[in-house]
Each structure stands twice: as structure tokens, then as C-alpha cells.
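Colleague: Taking the working numbering, the leading residue of the sequence shown gets 55, the next gets one more, and so forth.
Every residue, glycine too, gets a C-beta built ideally from N, C-alpha and C.
Computed from a prediction, not measured in an experiment: that's the story for all the values here.
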Amino acid sequence: MAGLHALKHKYELIGDVRGIGLFVGIELVKTREGKEPATEEASFICKAMCEKRVLISTDGPYNCVLKLKPPLALQKTDVDYFLASLD
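(1) Which of the three DSSP states, helix, strand or coil, is assigned to Asp141?
(2) Less than 8 Å between CB atoms is the rule here; does Ile74 satisfy it with respect to chain D?
(3) Assign Val133 to one of two classes, buried (16 or more other C-beta atoms within 10 Å of its C-beta) or exposed (fewer than that).
(4) Beta carbon of Lys121, beta carbon of Ile110: below 8 Å?
(5) Starting from Gly79 and walking both ways along the beta strand (DSSP E), at which residues does that stretch end?
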């Protein structure tokens with residue numbers, strides 16, 4: 055979560071990061087002030103992450119939340135790769 059919050063401070067596109075344990079969502083917005091859903095951007099990121107062999111999906115009423123579904127056997131190197139790929 056600390057790595058995701060660091061990315062939130064780096065990128066205006068990330069409106070919110072929330073979750074508990076392995077259930078994590080990253081809400082994408084066009085602007086944080088207006089909170090307009092960034093649906094197209096979320097779709098683009100999902101496809102780009104898939105090309106890096108990282109499977110995520112979108113969720114929420116506007117499909118603007120990146121939903122993480124890591125395996126239970128998640129290791130720190132996996133998290134590091136995910137954060138670097140998302141960055």
C-alpha cells in the first residue's frame with residue numbers, strides 16, 4: 055500500500071487507493087478536483103499491464119478502478135515488479 059500511495063502522490067490520475075490485505079483498488083480520475091472517472095485510461099493501463107504479464111482488471115460503476123487480484127503466494131519481488139510496471 056505504501057508503494058501505491060507513493061504513486062498516488064506522483065500521478066494526478068490516481069484519485070484514491072483503498073483496500074485491505076490483498077483486496078486492493080486504485081481509482082483513476084481525470085482530475086482529483088472533479089473526480090471524473092478515467093475509464094479509458096483504466097482500460098489502457100489494464101492492457102499495458104497485461105503486455106507486461108501482470109493481470110489486473112477494472113471494476114466499479116464506471117470501470118475506472120483498477121482491481122488487483124494477486125496470488126496468495128505473492129512475494130516482495132512480485133510487488134516490486136508490479137509497482138515498477140504500473141509506474
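Modeller: According to the structure shown:
(1) Looking at Asp141 - three-state DSSP - the assignment turns out to be coil, as it is neither helix nor strand.
(2) Within the model displayed, chain D is absent; a lone protein chain is all it includes.
(3) Exposed is the call here.
(4) It is a contact, given that the beta carbons lie within the stated cut-off.
(5) Annotation for Gly79: the continuous beta strand (DSSP E) segment containing it runs Phe77 to Leu82.
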